[in-house]
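Participant:
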Amino acid sequence: MNAQETESKRRQKTESLAEVCSVRIDKTLFGVPISHILEIVGAARPQPVPLAPAYVGGLVHYRGDVLTTVSMRQLLGLPPKDGKQDILVLESAGGCFGLLVDSVGEVITVSGTDYEPNPSILDERRRALLAGAYKLKSGLLVMLDPDRLDPMRLGSIQAA
Amino acid sequence: MDDLTRDFLIESQEGLDRMERCLTELEERPHDTELLAEIFRAVHTIKGTTGFLGFKRLEKLAHAGENLLGLLRDGTLSADSAVITALLQLLDGLRAILKTIEGSGNEGDSDNESLIARLEELRASAVTPPNVSQPRATRSRSATPKTTARSSRTKCESASESATATVAATASVAPLSAPATAVASVALAPTASAVATQRVAVTSPDAADASKPRLPAVGAAESTLRVDVALLNRMMNLVGELVLTRNQVLQATAADPNMTMLSRRLDMVTADLRESVMKARMQPVSNIFSKMPRIVRDLSQSLSRRVSLHMEGQETELDKSLLEAIKDPLTHAVRNALDHGIEPPAVRQTAGKDPEGRLALRAVQEGSHVVIEVSDDGAGIDVDRVRNKAIERGLITAERAAQLAERELLQLIFLPGFSTAERITNVSGRGVGMDVVRTNVEKIGGKVEIDSRAGKGTTLRLRIPLTLAIIPALIVRSLDQSFALPQAALSELVHIPPEQAAQAIEWIENAPLYRLRGRLLPLVFLDGLLTPGRNCRLSAGRDNFIAVLDADGRRFGLVVDSLADPEEIVVKPLSAVLKDIGLYSGATVLGNADLALILDPGSIALKAGVTMTNKEELLSEITEESAASASRLEYLVVAVSGRQAAVPLADVLRIEQLPIARIEYIGYRPVLNFDGQLLPIEDTGGMLAASAEQPDAPIIIVVCRDGNRHVGIAVSEVLDVAAGGDLFECGSGQPTDGVTLLKNRVTGIVNLGGVQPLPAQVPNDVGTEDWKEVAEAMA
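Chains A and B are the protein sequences, given in the same order.
Taking my numbering, I'd label the letters of the first sequence as residues 13 to 172.
Taking my numbering, I'd label the letters of the second sequence as residues 575 to 1353.
1. If you draw a straight line from the alpha carbon of Glu886 (chain B) to that of Glu940 (chain B), how long is it in whole angstroms?
2. Which ranges does the alpha helix (DSSP H) cover as unbroken runs of at least 4 residues, wholly within the segment 1036-1115 of chain B, from first to last along the chain?
3. Assign Arg692 (chain B) to one of two classes, buried (16 or more other C-beta atoms within 10 Å of its C-beta) or exposed (fewer than that).
4. Near Asn686 (chain B), what residues of its chain come up, given a Cβ to Cβ distance below 6 angstroms and the 5 sequence neighbours on each side ignored?
5. Among the candidates A:Pro91, A:Arg36, A:Ser34 and A:Pro158, whose CA atom is the shortest distance from the CA of Val101 (chain A)?
6. Taking only beta-carbon atoms, is Phe42 (chain A) less than 8 angstroms away from chain B?
7. Tell me the rounded alpha-carbon separation between Ala758 (chain B) and Met1008 (chain B).
8. Just grab the DSSP bridge partners of Met155 (chain A) for me.
9. If you draw a straight line from the alpha carbon of Arg1093 (chain B) to that of Glu889 (chain B), how long is it in whole angstroms?
10. Considering only residues of the same chain and omitting the five flanking positions on each side of Thr623 (chain B), which have a CB-CB separation below 7 angstroms?
11. Could you tell me whether the Cβ of His48 (chain A) comes closer than 8 angstroms to any Cβ of chain B?
12. At which residues does the beta strand (DSSP E) containing Val944 (chain B) begin and terminate?
13. Start and end of the beta strand (DSSP E) containing Leu1232 (chain B)?
14. Can you find a CB in chain A that lies within less than 8 angstroms of the CB of Lys630 (chain B)?
15. Taking the DSSP output, what are the residues bridged to Leu1302 (chain B)?
16. In chain A, which residues lie with their C-beta within 7 angstroms of the C-beta of Val1163 (chain B)?
17. Could you spell out where the alpha helix (DSSP H) holding Gln825 (chain B) opens and where it closes?
18. Should Phe1248 (chain B) be labelled buried (16 or more other beta-carbon atoms within 10 Å of its own) or exposed?
19. Just to confirm my understanding: we take Ala1125 (chain B), look at its own chain, exclude 5 residues before and 5 after, and list those with CB closer than 6 angstroms. What are they?
20. I want to verify the contact list: residues of chain A whose CB lies under 9 angstroms from the CB of Thr1105 (chain B), in sequence order.
21. Can you name the residues that DSSP bridges to Ala1161 (chain B)?
22. Taking 8 angstroms as the cut-off, does the segment 595-604 of chain B touch the segment 855-870 of chain B (at least 3 CB pairs, one atom from each stretch)?
23. Which of the three DSSP states, helix, strand or coil, is assigned to Gly926 (chain B)?
24. DSSP three-state call for Arg1283 (chain B): helix, strand or coil?
25. For a cutoff of 8 angstroms on Cβ pairs, would you count Gly95 (chain A) as touching chain B?
26. Enumerate in chain order the residues of its own chain whose CB-to-CB distance from Arg1108 (chain B) is below 7 angstroms, with the five nearest sequence positions on each side excluded.
27. Beta strand (DSSP E) containing Lys147 (chain A): first to last residue?
28. DSSP state of Ala979 (chain B), grouped into three classes?
29. Which first and last residues belong to the alpha helix (DSSP H) in which Ala1263 (chain B) is found?
30. Against chain B, with Cβ distances strictly below 8 angstroms, would Gly167 (chain A) count as a contact?
31. Any C-beta of chain B sitting closer than 8 angstroms to the C-beta of Asp77 (chain A)?
32. I want to verify the contact list: residues of chain B whose CB lies under 8 angstroms from the CB of Met164 (chain A), in sequence order.
33. Compute the Euclidean distance between the alpha carbons of Pro1086 (chain B) and Val1098 (chain B), then round it to the nearest angstrom.
34. Determine the direct distance from the alpha carbon of Gly69 (chain A) to that of Val948 (chain B), and round the result to whole angstroms.
35. Rounded to a whole number of angstroms, what is the C-alpha to C-alpha distance between Met833 (chain B) and Leu1164 (chain B)?
36. What residues in its chain sit with their C-beta under 7 angstroms from that of Ser1203 (chain B), if we drop five residues either side in the sequence?
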């Protein structure tokens, strides 16, 4: 069992209820802890950056700053989506960045008892991106950890 | 780190900065009690505060210093050079500990025993017979080089670490006359006003300083405020945002008459706000000038020179980030002036000069630039030595050197790898001198000029733009995206019409080249650079453009799809992951709310493998530059039916090439119709009449500004841009008017004012549209 999983277990014990913003990418429902979300920018069209790493979804203008976005579709190996996408503005240790998702859904309150860490059959690449899942009645809510999606960190993972 | 400690660090650093200034002054006026009191206060405050913050090492050092200063203040000891050197070491010691505290939160464990012992020794000497002080003075002098190295390091560090800017309302100049603040009361004749505007006077909680009753610092403290730079940057960002929102509001409400007044007001308020916030980021150059007396003192001691430093225009303001950026080049220039410029006293005396050299720093604002001058009255630059050295280093051939004028030879010192120092000193002479100054200044969009007369002295002029946050840029398009090209690197634009696309570019294997006025210019396709593997050709179906760029001596043409307007852009930083790509220096939001990446011409040149232009060419560019810097006017050289003529470059707006049939006539007057705007054409060469039979023949029109009207000059060919040389009337020596020396030919300057104005304001208020009809009818 790796360190991340033990950490997840610890978290599961200490906090029983958590609020998670649900986002949809392709057919999967993902969740991002709302404590990490600064703002949701709807229907944005990021400006592509030539020669940028593939996971960079482009630049958006956000409150006077230029924000680098990470394309969740690209990270998951999905084909790019045409048209506008929603952006979660996330705060991580390295600063702010945007996460490009297909659409943002409602905020769901989840219970720690429903939490399961990443399954062992998940491939290496996805295991680095995902942070376990909550079992909801309607299906699984796959958790995303904003710190692991930070563009700088992704850069070092891909380089490695 | 808690707030208390942070406040303590900021206050102490300010106190030490003041102390440094006072110490150099003290050397000239060793009995000035005001100065001594100020220095004592700085050290005492540190000692007092550090006691309850628990920094024992700092307290011990400050205590030793205070003891010595106490004697100085009482007049028991006089401030000779040895004492001042020791006090400067004390200053460096205190700074080093403060730095450690800032970095790690504790004061470290290296001890200052030797320094404390030295201070104690000096204190003890105050009561012992004076004959002991002689050997001591020499000893302290031998210690100076070490201090120099350390102090310069400390300086760089303290600059980068001071994260808070002190913002001062201009109002703080007023309370200067009142004996209100500790700072203002110090008799720093040239610096006093600058100091007061630049810093909030922090009068220390200094009850123990009984010799001088503490005065309440009301005036300055109430009118100024310390603000975090990060907050200012944020405000700048938000103002930028507001400007964009305003632009959109203005567009959206343009049609609604009810909104006109409101949106106009919004427009004005936004513009005002933007200006105020930019002003808040400005700091007086005295912030860096004030470091110079110490540097000059240390250097003149270690080089045994005698130098007096004069500073002027310290209140001139510059953006904080730029101020930081020019600190190193300026320090370098000052070092050069002392090491290479000002001669040792004995040499000066033999040359009939005052043994004390004069070094002057002058800052002055000229339009949107600040000019900083470093001038010395030293030996000047020996042009012959420069020539020989350049030949010896292989920077130039002997034949070429023989052709160069003195002024052009001087520019050689800016070439990388050039140094005339006979031997390498720890001050300068490693051959990384002037080119580093030039590179650093050019990096922030500035320029360096040099002027020197053998035996008389040297003047180095740094031209710095007022602000970096907003730069003029040309918006270009490629790959259906907008990119911003900084105007500073842009030297000219070449338009390639569709019909010439096929043959305009020549290839050597896979290297595209363009023949620009007879010289081959390496080309970089922007779309090809940004999408590797793309097949790059000029497309025959539309216009193509080449932006000729000059990035630190690398000259190349960037091929783009189209050009948009030049814009003043607000530079926004990119995240580290995008900065690592290396091609972009930032991003910006355009007036139409689109994002554009800002291209970095230097990196593009590197990435595309464009190397330094060969020396000869670089030199000819330098020559051009130097000619321009000599405040000689630059001219566009044109051929008008076989004759060479000149148009002042500053007046040229653009050059149009069009079929001769586009020219229409009002009576006998040729005019050109641009979407209803009539441009009078001056046809001195009679070319229009000469080629009237071929309506499709192209004609070149140079569109110029004359006062507030525009006029067109018909020419047969545009030859070059060159600087004009002065011509004088034989005998009288009067400078001539209307002619100039261009490319060694006497050339007439086209008199734009002589172009007859178009008939203005006709009866019945006929608009320009009607004029077109009239023109056609008459033609």
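The beta-carbon is built from N, C-alpha and C at its ideal position, and this holds for glycine as well.
Facilitator: Taking the structure as given:
1. As a working mapping, residue 886 (chain B) is identified with position 312 in the second sequence. As a working mapping, residue 940 (chain B) is identified with position 366 in the second sequence. About 15 angstroms.
2. 1075-1078 and 1100-1104
3. If you number the second sequence from 1, residue 692 (chain B) lands on position 118. Arg692 (chain B) is buried by the Cβ-count criterion.
4. Start at 1 with the first residue of the second sequence, and residue 686 (chain B) comes out as number 112. Closer than 6 angstroms at the Cβ level, and outside the excluded window around Asn686 (chain B), lie Leu635 and Gly667.
5. Indexing the first sequence from 1 puts residue 101 (chain A) at position 89. Here the closest residue by C-alpha is A:Pro158.
6. For the purposes of this step, residue 42 (chain A) is taken as the residue at position 30 of the first sequence. So, not an interface residue.
7. Position 184 of the second sequence holds residue 758 (chain B). Position 434 of the second sequence holds residue 1008 (chain B). No answer about Ala758 (chain B) holds up, because its pLDDT of 35 lies below 50 and its placement is not dependable.
8. Mapped onto the first sequence, residue 155 (chain A) falls at position 143. Looking at the DSSP assignment, Met155 (chain A) forms a beta bridge with A:Gly43.
9. On the second sequence, position 519 is the one that residue 1093 (chain B) refers to. On the second sequence, position 315 is the one that residue 889 (chain B) refers to. Distance between the alpha carbons of Arg1093 (chain B) and Glu889 (chain B): 46 angstroms.
10. As a position in the second sequence, residue 623 (chain B) is number 49, starting the count at 1. Only Phe582 meet the Cβ criterion.
11. Stepping through the first sequence from its first residue, residue 48 (chain A) is reached at position 36. It does not; no Cβ of chain B falls within 8 angstroms.
12. Position 370 of the second sequence, counting from 1, holds the residue named residue 944 (chain B). His943 to Asp950 is the span of the beta strand (DSSP E), which, as asked, contains Val944 (chain B).
13. Start at 1 with the first residue of the second sequence, and residue 1232 (chain B) comes out as number 658. Where Leu1232 (chain B) is concerned, the enclosing beta strand (DSSP E) stretches over Val1226 to Pro1233.
14. Your numbering for residue 630 (chain B) matches position 56 in the second sequence. By this cut-off, Lys630 (chain B) is not an interface position.
15. As a first step, residue 1302 (chain B) is located in the second sequence; it is residue number 728 there, counting from the start. Leu is not the amino acid found at residue 1302 (chain B); the sequence shown has Phe there. B:Pro1309, per the DSSP bridge assignment.
16. If you number the second sequence from 1, residue 1163 (chain B) lands on position 589. The contacting residues are His73.
17. Position 251 of the second sequence, counted from the first residue, corresponds to residue 825 (chain B). Its alpha helix (DSSP H) spans residues Val803 to Thr827.
18. Reading the second sequence from its first residue, position 674 is the one you call residue 1248 (chain B). The residue is exposed, with fewer than 16 neighbouring Cβ atoms inside 10 Å.
19. To locate residue 1125 (chain B), count along the second sequence from 1; it is residue 551. So the list reads Ala1063, Pro1175, Gly1176 and Ala1179, once near-sequence residues are dropped.
20. Translated into positions along the second sequence, residue 1105 (chain B) becomes position 531. Those within 9 angstroms of Thr1105 (chain B) in chain A are Pro62 and Leu63.
21. For the purposes of this step, residue 1161 (chain B) is identified with residue 587 of the second sequence, where counting begins at 1. B:Lys1146 and B:Leu1171, per the DSSP bridge assignment.
22. yes
23. Residue numbering aside, residue 926 (chain B) sits at position 352 when the second sequence is read from its first letter. In this structure, Gly926 (chain B) counts as coil in the three-state DSSP scheme.
24. Working through the second sequence from its first residue, we reach residue 1283 (chain B) at position 709. If DSSP states are grouped into helix, strand and coil, Arg1283 (chain B) belongs with the strands.
25. Your numbering for residue 95 (chain A) matches position 83 in the first sequence. No, its Cβ sits nowhere closer than 8 angstroms to a Cβ of chain B.
26. Taking the second sequence and counting its residues from 1, one reaches residue 1108 (chain B) at position 534. Correct list, in chain order: Asp1101 and Gly1102.
27. What you label residue 147 (chain A) is simply residue 135 of the first sequence in a count that begins at 1. Unbroken beta strand (DSSP E) run through Lys147 (chain A): Leu142 to Lys147.
28. Working through the second sequence from its first residue, we reach residue 979 (chain B) at position 405. Here Ala979 (chain B) sits in coil by DSSP.
29. Numbered from its first residue, the second sequence carries residue 1263 (chain B) at position 689. Here the alpha helix (DSSP H) through Ala1263 (chain B) covers Met1261 to Ala1264.
30. In the first sequence, the residue the question calls residue 167 (chain A) occupies position 155. Yes, because at least one Cβ of chain B sits closer than 8 angstroms to the Cβ of Gly167 (chain A).
31. Within the first sequence, the letter at position 65 stands for residue 77 (chain A). Output row for Asp77 (chain A): interface = yes.
32. Reading the first sequence from its first residue, position 152 is the one you call residue 164 (chain A). The contacting residues are Ser1149, Ala1150 and Val1151.
33. Counting from 1 along the second sequence, the entry for residue 1086 (chain B) is found at position 512. Counting from 1 along the second sequence, the entry for residue 1098 (chain B) is found at position 524. Distance between the alpha carbons of Pro1086 (chain B) and Val1098 (chain B): 8 angstroms.
34. Counted from its first residue, the second sequence places residue 948 (chain B) at position 374. Counted from its first residue, the first sequence places residue 69 (chain A) at position 57. One C-alpha to the other measures close to 49 angstroms.
35. Position 259 of the second sequence, counting from 1, holds the residue named residue 833 (chain B). Position 590 of the second sequence, counting from 1, holds the residue named residue 1164 (chain B). The straight-line gap from Cα to Cα measures roughly 24 angstroms.
36. Here residue 1203 (chain B) refers to the residue found at position 629 when the second sequence is read from its first residue. A caution first: Ser1203 (chain B) carries a pLDDT of 45, below 50, which makes its placement in the model too unreliable to give a value.
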